[in-house]
Structure formats: structure tokens, C-alpha cells
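A short write-up of the structure that comes next.
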Amino acid sequence: MSLPIVVQNITKRFGRVTAVDRVSLEAREGEIFGFLGPNGSGKSTMIRMLCGLLTPTEGDAWVLGMNVRRDSVEIKRHIGYMSQQFSLYRDLTVRENLYFFGRLYGLSRSANSERRKTLCDYLGLSPYLDQRAGALSGGWRQRLALAVSLMHEPKVVFLDEPTAGIDPVARRELWDLLFDMSARGITFFVTTHYMDEAERCTKVAYIHLSRLIACGEPSDLKSLPDVTPEGCRRMEIRTQAITRLLRQFRGHDSIRSATIFGEAVHLLVENSFDDESIRQYAAGHGFTWIQIRDIPPSLEDVFISLTLAEERRRP
Amino acid sequence: MRLRGCLAILYKEIIHMVRDPATMLFAMLPPIVQVIAFGFAISTDVRNLPTIVHDQDVRRMSRELIDSFENTGVFRIERHVHSHEELMRLLVEGKAAVGIEIPPDYSSRRQKGEGVSIGVFIDGSNNTIALQAMSTANGVGFQSVKSQEARKRGPGAIDVRPRVLFNPDLLSANFFVPGIIGVAIQLSLTMLVAFAIVREREIGTLEQLMVSPATRLALLLGKVAPYVIFAFMEMGILMVVMRFVFGIRMQGDPWLLFFLSGIFALAVIGIGLLISALAKNQVQATQMAIATLLPSIFFSGFIYPRETMPLFFFTLSYLLPLTYFLDILRGIILRGAELGHLLRSVVPLSVMAAGLLSVSILKFRKRLD
Chain F
-13 MSLPIVVQNI TKRFGRVTAV DRVSLEAREG EIFGFLGPNG SGKSTMIRML
37 CGLLTPTEGD AWVLGMNVRR DSVEIKRHIG YMSQQFSLYR DLTVRENLYF
87 FGRLYGLSRS ANSERRKTLC DYLGLSPYLD QRAGALSGGW RQRLALAVSL
137 MHEPKVVFLD EPTAGIDPVA RRELWDLLFD MSARGITFFV TTHYMDEAER
187 CTKVAYIHLS RLIACGEPSD LKSLPDVTPE GCRRMEIRTQ AITRLLRQFR
237 GHDSIRSATI FGEAVHLLVE NSFDDESIRQ YAAGHGFTWI QIRDIPPSLE
287 DVFISLTLAE ERRRP
Chain X
259 MRLRGCLAIL YKEIIHMVRD PATMLFAMLP PIVQVIAFGF AISTDVRNLP
309 TIVHDQDVRR MSRELIDSFE NTGVFRIERH VHSHEELMRL LVEGKAAVGI
359 EIPPDYSSRR QKGEGVSIGV FIDGSNNTIA LQAMSTANGV GFQSVKSQEA
409 RKRGPGAIDV RPRVLFNPDL LSANFFVPGI IGVAIQLSLT MLVAFAIVRE
459 REIGTLEQLM VSPATRLALL LGKVAPYVIF AFMEMGILMV VMRFVFGIRM
509 QGDPWLLFFL SGIFALAVIG IGLLISALAK NQVQATQMAI ATLLPSIFFS
559 GFIYPRETMP LFFFTLSYLL PLTYFLDILR GIILRGAELG HLLRSVVPLS
609 VMAAGLLSVS ILKFRKRLD
């Protein structure tokens, strides 16, 4: 079978504004594809094109082997979609919401109730069946929205910031569910702001100012040359007064970047500036003790370095 | 077309209605209140105008003349004054709306068969009142001369007897009430339809519907069907109010009226859909609904006759569905007109309904791009 999502050089313009600029990517079956980028970078536009809500201006895309321009009606039968805001009917009960969307996708009465039972048992929604959707808490609303998007057993599910605004426990649980379902062959295309969520994706893509600047497995992205330039290394330093240390180190020629992470400072340092010189430099400025440790780049480091590299390259 | 999507939407819309009876009630009630309030309040029937008399003759014939003024019901004799100056002063002060002045030689000239003029001074600050007072006063003069002529010459004189058909008492309620029914239906239906869709766009459910395989036509059909039913219910209630509150009997075929109301409802739903395609939120939708309603009220001939309008507004009135529906309403209710008689309104109304609906469906389809 062909790949569930294939995007080739897709562009979407609204008047003179280019929302998505020549993006290409692919997702494999059972993958959780994380689509990241700042607000307004074109994430939602991308999802809407793949769902057949928007027609691409240029380029092409295929979902489950079907073309987004020609077969948008057929695509809609086989995909699930969960939008950014909670977009279900608050005055309808959980049961009625599920029934309504099931019917909308053409499920028969019996198929509808069978599917509802399976999903509610699986997602733990059964005790809430007769509650109004508006009365559910954030986490349960998201589960209901997920259940609605899964009623017609889609092969590909698009989730637009599914965890925005819900508590960390509900967030963790939702991701556990996504992993479980992806193991059963459902492909998820997920946009998010959270880096820890991005770390859990099997593949991530980062979009910045409408352009894709990175796409691949998290571990591959971390070893990209732009992330840790040749002759440099990443390290973490702990000391008693990190903000003063940060100010001091940012002024040093051999230090490419310095950022605070909690109790520590993360540095991108040229290899010529070795651990011993760092200690001496620090001691020379009155830091009585410091701890140095080599660290791998985080995905955040990856996206920051790639964004900076991209901005240097653009005119 | 997949009907299933349509039925699913219908199912959901009905739940919305049942869960939120207040909205339906508030959509249903104001038109009824409007009809009752307007039917009583907007009245161009002039009655009991405070009238003063300066009778310089004071004989039997002049008293007869004053009685015949009072007998029309339009004039209510408040007091007699004794000078022209006093009469004018009371009119200026607004104590009276009409002043009647009878010359000293009134009886003698009448007896001789000579012409005589009577002064009738009318406060013209309200032109509707003034016009009616004037025509009634003319009628009084005409009648008293005619009865005298008839006595003198016997039969053979020209006898003009105007008879008003269809609204024999010339009651303004008979004219206004059928019109208000049209206005009320347009108001409630435009708002309901526009809101139903704008609300879904605001809470984001419209997008969720768009990613489903149901076609746009099925979606719209399912959303609009309950409001067509609503329009018929409203129509039925208003007919009952018309019959039992205002005592207006339906002269024509009620089923024909219901059928043609359906066409009007479709045209209005088209306007509502068009608003929902343009409005970004419910506030905008309300403003647009009112903006479309105002010209309908003023230029459709609901209050002011279209025939007296300047050419521009007269032409504009041809573009309003309400203009045609008013003709249909008044035709069927007051004159007992049949379909064949109403084609000049039914045909343009149907064309407008079809046009508005197709444009709004096309507009709706393009929305996300």
C-alpha cells in the first residue's frame, strides 16, 4: 500500500499572503507525525488542505492514495479531524454527539451504537454518556472530540493542537491513547506547541514562516550539522549565580549561544574552549564552583538552531 | 445528493430546538405581539376630533348642519364659541383640531336656494388627520345639498353613491394586519436562519461538518428544514390572531396562502443564508438582518402606498420579496383572489426565491477558500 500521507511541493496563498510555501513531506502507516511551528506559521492551513477544506494553490498531496484536489469527498470518508477549538455541540449529550456524527458519516443505527460502545469503553467515556458535552471538563471534552473523529474508523486522523489548554495528566493520557492506536495502524498527523510532545512523535516536521525547515525522526534531526556545527559541542553548566554567569559567557567569543534551562545554562561552545579553560574563565570572574556536563541537543535546540540557520540563509 | 447527512442534521437541529425552548419561544412570540400591537396602534382611522363651532345663524337648519357633522363620528363638538377670534385662538392653542364657522345668513340663503359657504378650519399639522377631516367635511356639505335638491326636484338628479369593496368600513386594521404578518415572518425567519449558521461558525462546529462527507446541499437542507416548519406554524398562529383578535375573515383559499407563504419563506431563508455567508459573528448578522428589513418595511407598500413614492424607491420596491408577498396576502385575505389573479406577484416572488437560494448556496460553498 502507498504511504497514507504524501505532500509534494504544496503552496497555499490567500491573496498576497503565502500561508504554506512549497512544503513536501511523507508519513508512514502507524506513524505519529508531529507538525510544529509558531502560531501563524501555516500549520492549520496545511491540515485543512489535507482534509480537503482548502484547495492548494500549487503542488499536490495524496491522502491514502487519493488526491486532495480531485477526491476530496472520498478522502473525507476515510479521515478523522479534530480541530483546534472544542467544536462539538455543547447542548447535546455525549451519546447524541456521537450518534449525530456517526449518522453524518453514514453509519447505520446498529453500527452506530456498536461503534459508540467500543470507543466509549476504550476511551473511558461510558459513565458520561448522558451528560451534556458542555458540562465535561477539558480533558474529557478532548476525549469526546477524539471519539467523534474516530466514529467512522478512519485510517488517518488529523489533530490540530489536541492538547492545548488541558491539564498535564489528561495530556499524558491522551498521548498514551494515540500511541496505542497508532500501534493498531492508524496514522496521526498532530500539530502541537509542546516540545515534550514533539519528542514523543515518531517523526517531526518544523514549519517557520510558511516554509518547512526540518523534517525527520527526532534523533536524526538532533545530529544535523546545522544543529551542532562542526568544531562545537553542547554542554550544561551549573553554578551558584546562573544569570550572572549567562551574562558573562554571552560576551565570550568562543561561545556561540547560551540559554538558561531551569537551574542550569546550556551552551554551544567551540571545541577550542575546553573544559579546563572554561573553569579558569569562570573562576577568574568570581564563580567559586561550577559543574560541567556534555549534553545532546533537545528538539528545542534543534528548532532554534535550524530557524537561525534558515534566517541567515534567507535574504 | 446524500439524504442521510441531511436527516442527521435535521435530528440535531430538532434537539437544539427542544433543548432551548426559550429561543424558539422568543422567535415565535414577538411576531404575534407585533401583529397585535401594530394592528391596534397603526391606525389611520380618524375619530372624535375635538371640534368647536361658531354658529352665527342659530336656527333649525344650522343646528341640523352641526348634527350632521357630529353624526359622521369624525367630529366631536366640544364647545360653541362666539367670535371668529376665539375660534382661531383655540385652534392655535391646540385645544381643538377643527373649527366650523356658520355665517349669519345660512338658513335664509338655503331657503332661497342660494349657495352658501361654511368655514371649516382644520389643523393641518398631522396631514393624515387633516385629509380625512377635509374629505368628511366635504361629504357633509355635499350630502346636505343633495337632500335638499332631491326634495325640491324629485327623482332624476345624478346620485353618486360610492361603495368601498373588500374593506367596507375602511378600517386600517384590515389593511395593516395582513401586511404585518409578512413583515413579522420576514424578521423572525431571516434572523433564525442567519443565526443558526453563524453560531455554528463561531463555535467551530461548521468546520467539523465541512470535513464530513455530507454535501453542502444536504447540510443546508437539514439546517433550513426546521425553519420552514417554523414559518408555517407562525403563519397559522398569526391567521388565528387575525381572525379572532381583529375579526378579519379570510376571503380566499387558506391553502393557497400557505403554499405561497412557503415560496416567500424560501426567499427569506435565502436572505438569511446570504447574511450567514457574509457575517462574521452574530452581532453582524443582526445588523445585516435589520438592514435588509428596513427597506422592506418602508418601500414594500406595508405602510405607505408604493404608488406615491419617488421613482427610485418605486423601482426599489420591485426588488423586495415582501412587496410581492404583501400583494398576495392582501389579495387572498381581503379580496379572495385566486392563483390566476396573483401571477403578477407569484412569478417574480418565485424567481427571487430561486435566485436568492442558489446564490446563497454557491456563496456558502466557497466560504473556506
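Chains as they are written, first to last, in the working numbering: chain F, -13 to 301; chain X, 259 to 627. A virtual CB, placed ideally from N, CA and C, is assigned to each residue, including glycine.
The shortest C-alpha to C-alpha distance from F:Ile33 to any of F:Ser112, F:Pro215, F:Val143 is the one to F:Val143. Bounds of any beta strand (DSSP E) do not take in F:Leu50, whose DSSP letter is neither H nor E. Exclusion of the five residues before and after X:Phe504 leaves Gly297, Ala431, Val435 as the residues of its chain whose Cβ lies within less than 6 Å of its Cβ.
Within the DSSP secondary-structure output, F:Val176 pairs in a beta bridge with F:Gly20, F:Leu145.
Apart from sequence neighbours up to five positions away, the residues of its chain that approach F:Gln277 with a beta-carbon distance below 6 Å are Arg224, ordered along the chain. Distance from the CA of X:Ser383 to the CA of X:Pro553, rounded to the nearest whole angstrom, comes to 26 Å. Considered as a whole, the segment 78 to 127 of chain F harbours 80 to 90, 95 to 109 as its complete alpha helix (DSSP H) runs of no fewer than 4 residues, in chain order. Here DSSP, grouped into helix, strand and coil, assigns F:Thr225 to strand. Taking 7 Å as the upper bound on Cβ-Cβ separation, chain X lies near no residue of the segment 113 to 145 of chain F. For the segment 263 to 293 of chain X, the residues whose beta carbon sits under 9 Å from a beta carbon of chain F are, in order, Gly263, Leu265, Ala266, Ile267, Tyr269, Lys270, Ile273, His274, Arg277, Asp278.
In this structure, F:Val213 sits away from F:Pro113, with a CB-CB distance that is not shorter than 8 Å. With its beta carbon at least 8 Å from every one in chain X, F:Phe21 lies outside the interface. Relative to the Cα of X:Val609, the nearest Cα in the group X:Leu578, X:His338, X:Ala543, X:Met546 belongs to X:Leu578. Between the segment 98 to 111 of chain F and the segment 79 to 90 of chain F, the count of C-beta pairs closer than 8 Å reaches three or more; the two stretches touch. Residue pairing by DSSP puts F:Phe0 in a beta bridge opposite F:Val3. Looking at X:Gly371, X:Ala388, X:Gly373, X:Glu372, the one whose alpha-carbon comes closest to that of X:Phe379 is X:Ala388. The beta carbons of X:Gly357 and X:Ile310 sit about 5 Å from each other, so the pair counts as a contact at 8 Å. Unbroken alpha helix (DSSP H) runs of no fewer than 4 residues, entirely contained in the segment 270 to 306 of chain X, are found at 279 to 299, following chain order.
The Cβ neighbour count for X:Met491, taken over all protein chains shown within 10 Å, is under 16; the residue is labelled exposed.
Taking C-beta atoms as the reference points, F:Tyr67 and X:Val469 count as a pair closer than 8 Å. In this structure X:Phe570 is exposed. Its beta-carbon is surrounded by fewer than 16 other beta-carbon atoms within 10 angstroms. For F:Ile193, the secondary structure class from DSSP, reduced to helix, strand or coil, is strand. Counting along the chain, X:Met319 sits inside the alpha helix (DSSP H) bounded by residues 318 to 329. With respect to the C-alpha of X:Leu531, the residue from X:Thr573, X:Leu607, X:Leu614, X:Tyr576 having the closest C-alpha is X:Leu614.
CA-to-CA, the gap between F:Val134 and F:Leu11 works out to about 27 Å. The three-state reading of DSSP puts X:Met546 in helix, counting H, G and I together. DSSP, reduced to helix, strand and coil, places X:Met508 outside both helices and strands of the structure shown, so it counts as coil. The alpha-carbon separation between X:Thr386 and X:Ala299 amounts to approximately 15 Å. The C-beta distance from F:Gly20 to F:Val288 rounds to 12 Å, too long to meet the 8 Å contact threshold. For F:Ser(-12), the closest C-alpha among the options F:Phe0, F:Asp162, F:Met52 is that of F:Met52. Between the C-alpha atoms of X:Ile267 and F:Thr(-3) there is a straight-line separation of about 34 Å. In this structure, the beta-carbon distance from X:Phe522 to X:Leu445 does not fall below 8 Å.
Nearest to X:Val276 by alpha-carbon distance, out of X:Pro308, X:Pro484, X:Pro471, X:Ser320, is X:Pro484. With respect to the 8 Å criterion, X:Thr394 and X:Thr330 are classified as neighbours on the basis of their beta carbons. Listed along chain F are Ser73, each with a C-beta nearer than 7 Å to that of X:Ile461. Beta-bridge annotation (DSSP): X:Ile380 is paired with X:Val356.
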